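In the numbering used here, the protein residues as written are 8 to 375.
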């Protein structure tokens, strides 16, 4: 057993960066108040504290909404926002609904969170190091284990065997999700954030995100995140779905980006590639070719009676979490390099086991 040690002190921000951080938190509070609480909350005093016993806290008597400095400076911004929203829900129950006689996380609080897509678990004492985050469905875990084994087989050097293993994994995922939604049982949803907010998002990542939404049973949206130590914002992709689907989608995201980079390195001297400037165009073609392959498999599976019509419960959760969703069309450059990438993408076989905890941000459990 590792002995308990006092946490390392958090490096303080400059006065300028701390002021910018408080402004960002205030703007986020105002946005959530308007869009999640219909503007019914009265702004409290926002305070950053050096506590290590909790992530956030609503103080009713003094009207202070407190956030842990360690949380704000050391954890990914989406987690900070989740704790802020959690404490706003406490404030709503206390000041607007004026509910008394219930526990802090009682029935009213849970209902307020569920109606607004807020993580009811995103506060309290920090989880001990290494503690599992949320409970998972044993049945879904068994399916995920079977998918891991199939994807391991899909790494076979025999192309025919690899293709069969990947197709079986695709069929298993589709069948499992159809059966789960048809049964209409309550399902838990996780959130995970993909991508490095310090880097600019590329068209290739955007293409992969769209593919995840289309074929891997998750909802995907690009969300802004604040980087307190830099005093600026970045972007990441937020995916929502069941534990098994989030695990799979996270694997596919990393796998396709790495595969697109590898294929570009191997084929950049293709006659259809004009220069290094075609890199993203070629890699976008790789993702497009892999999509062609998945679409063909989905059409074949449809002939066996496996038809995916969506998960309304997940749709409802997603809409509650993101009440104002905007979409933008992007122009795509289609040239010889794109065609070369698409040709290579049609030969890609998704493989390797899906590993737990492969994402940059650990999942958080939400109830749909």
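Here a beta-carbon is modelled for each residue, glycine too, at the ideal position from N, C-alpha and C. Predicted model only: the values in this text are computed from it and were never measured.
For residue 85, the first and last residue of its enclosing alpha helix (DSSP H): Here the question's residue 85 lines up with position 78 in the chain shown. Residue 85: member of the alpha helix (DSSP H) spanning 84-98, first to last residue.
Buried/exposed call for residue 283, threshold 16 Cβ in 10 Å: Sequence index remark: in the chain shown, residue 283 carries index 276 (1-based). Exposed, since its Cβ has fewer than 16 Cβ neighbours within 10 Å.
Three-state class that DSSP yields for residue 245 in the structure shown: Here residue 245 is taken as the residue at index 238 of the chain shown, counted from 1. Here residue 245 sits in strand by DSSP.
As assigned by DSSP and simplified to three states, the class of residue 139: Walking along the chain shown from the start, residue 139 turns up at place 132. Caution is warranted here: a pLDDT of 33 is assigned to residue 139, below 50, making its placement in the model unreliable, and no coordinate value can be reported.
DSSP beta-bridge partners of residue 200: Mapped onto the chain shown, residue 200 falls at position 193. The partner list for residue 200 (beta bridge, DSSP) reads 245.
Chain-order list of residues whose beta-carbon lies under 7 angstroms from that of residue 279 (same chain, five-residue window excluded): Counting from one through the chain shown, the residue named residue 279 turns up at place 272. Within the same chain, residue 279 has close Cβ partners 343, 344, 346 and 347.
Opposing strand residues paired with residue 73 [DSSP bridges]: Taking the chain shown and counting its residues from 1, one reaches residue 73 at position 66. Per DSSP, 54 and 64.
Sequence-distant residues of its chain with Cβ nearer than 6 angstroms to residue 298 (five each side left out): Residue numbering aside, residue 298 sits at position 291 when the chain shown is read from its first letter. 218, listed in sequence order.
Runs of alpha helix (DSSP H) lying entirely within the region 160-202, each at least 4 residues, in chain order: You should have 166-190.
Three-state secondary structure (DSSP) of residue 332: The residue given as residue 332 occupies position 325 in the chain shown. It is coil, neither helix nor strand.
Selection from 238, 19 and 197 that minimises the alpha carbon distance to residue 204: Translated into positions along the chain shown, residue 204 becomes position 197. Nearest option by C-alpha distance: 238.
Alpha carbon of residue 31 to alpha carbon of residue 235, nearest angstrom: Position 24 of the chain shown holds residue 31. Position 228 of the chain shown holds residue 235. The C-alpha of residue 235 is placed about 9 angstroms away from the C-alpha of residue 31.
Nearest-angstrom Cβ-Cβ length linking residue 231 and residue 42, presumed shorter than 8 angstroms: Within the chain shown, numbered from 1, the residue matching residue 231 stands at position 224. Within the chain shown, numbered from 1, the residue matching residue 42 stands at position 35. Rounded, the Cβ-Cβ distance is 14 angstroms, inconsistent with contact.
Contact the region 44-62 vs the region 74-90: 3+ CB pairs below 8 angstroms: Verdict: yes, contact present.
Selected residue, minimal CA-CA separation from residue 121, among 157, 149, 110 and 92: Here the question's residue 121 lines up with position 114 in the chain shown. Of 157, 149, 110 and 92, the residue nearest in Cα terms is 92.
Opening and closing residue of the alpha helix (DSSP H) in which residue 123 lies: Within the chain shown, numbered from 1, the residue matching residue 123 stands at position 116. Looking at the DSSP string, the run of the alpha helix (DSSP H) that includes residue 123 is 114-123.
Cut-off 6 angstroms between Cβ atoms - residues of its own chain near residue 47, not counting five sequence neighbours on either side: Position 40 of the chain shown, counted from the start, is the residue given in the question as residue 47. Same-chain partners within the cutoff: 103.
First through last residue of the beta strand (DSSP E) which encompasses residue 309: The residue given as residue 309 occupies position 302 in the chain shown. It is not in any beta strand (DSSP E) - residue 309 instead sits in the alpha helix (DSSP H) that spans 286-309.
Secondary structure of residue 228, DSSP reduced to three states: One-based indexing of the chain shown puts residue 228 at position 221. Note: residue 228 maps to strand in three-state DSSP.
Extent of the continuous alpha helix (DSSP H) run through residue 259: Locating residue 259 in the chain shown gives position 252, where the first residue counts as 1. DSSP places residue 259 in the uninterrupted alpha helix (DSSP H) bounded by 250-274.
Stretch-stretch touch, CB-based, cutoff 8 angstroms, three pairs: the region 108-115 with the region 311-324: They do not touch, by the three-pair rule.
Residues bridged to residue 234 [DSSP beta-bridge criterion]: As a first step, residue 234 is located in the chain shown; it is residue number 227 there, counting from the start. Beta-bridge pairing links residue 234 to 239.
Local Cβ density within 10 Å of residue 271, reported as buried at 16 or more and exposed below that: As a first step, residue 271 must be located in the chain shown, where it is residue number 264. Counting Cβ neighbours within 10 Å, residue 271 comes out buried, since at least 16 surround it.
Nearest-angstrom beta carbon gap, residue 181 and residue 157 [assumed within contact, 8 angstroms]: In the chain shown, counting from the first residue as 1, residue 157 sits at position 150. In the chain shown, counting from the first residue as 1, residue 181 sits at position 174. Wrong, their Cβ atoms sit about 13 angstroms apart, outside the cutoff.
Stretch pair the region 182-190 + the region 256-273: three plus CB contacts closer than 8 angstroms: The region 182-190 makes no contact with the region 256-273, as fewer than three CB pairs between them are under 8 angstroms.
Cutoff 7 angstroms; reference residue 35; Cβ partners in own chain excluding five residues on either side: Translated into positions along the chain shown, residue 35 becomes position 28. The beta carbon of residue 35 is closer than 7 angstroms to those of 88 and 91 in its chain, skipping five residues each way along the sequence.
Contact belief for residue 244 with residue 216 at Cβ below 8 angstroms, rounded distance in angstroms: To locate residue 244, count along the chain shown from 1; it is residue 237. To locate residue 216, count along the chain shown from 1; it is residue 209. That belief holds up - the Cβ atoms of residue 244 and residue 216 are roughly 5 angstroms apart, short of 8 angstroms.
Candidates 229, 220 and 281: closest to residue 255 by CA position: Numbered from its first residue, the chain shown carries residue 255 at position 248. For residue 255, the nearest C-alpha among the options comes from 220.
Same chain, Cβ closer than 6 angstroms to residue 97, five either side skipped, listed in chain order: Within the chain shown, the letter at position 90 stands for residue 97. For residue 97, where only same-chain residues beyond five positions count, the Cβ hits under 6 angstroms are 65.
Nearest-angstrom Cβ-Cβ length linking residue 225 and residue 192, presumed shorter than 8 angstroms: Here the question's residue 225 lines up with position 218 in the chain shown. Here the question's residue 192 lines up with position 185 in the chain shown. In this structure residue 225 is not in contact with residue 192, their Cβ atoms being roughly 18 angstroms apart against a cut-off of 8 angstroms.
Coarse secondary structure for residue 317, derived from DSSP in three states: Counting from one through the chain shown, the residue named residue 317 turns up at place 310. Coil, per DSSP.
Cβ-Cβ distance between residue 198 and residue 85 below 9 angstroms: The residue you call residue 198 lines up with position 191 of the chain shown. The residue you call residue 85 lines up with position 78 of the chain shown. Contact: yes.
Reduced DSSP category for residue 220 - H, G, I as helix; E, B as strand; rest coil: Walking along the chain shown from the start, residue 220 turns up at place 213. Residue state, collapsed to three classes: helix.
Collapsed DSSP secondary structure at residue 134 in the structure displayed: Against the chain shown, residue 134 aligns to sequence position 127. With a pLDDT of only 43 at residue 134, under 50, the local geometry of the prediction cannot be trusted, and the value read off the model is given with reservation. In this structure, residue 134 counts as coil in the three-state DSSP scheme.
Nearest to residue 290 (by Cα), restricted to the options 18, 211, 60 and 38: Locating residue 290 in the chain shown gives position 283, counting from the first residue. Selection 18, 211, 60 and 38 evaluated against residue 290 yields 211 as nearest (Cα-Cα).
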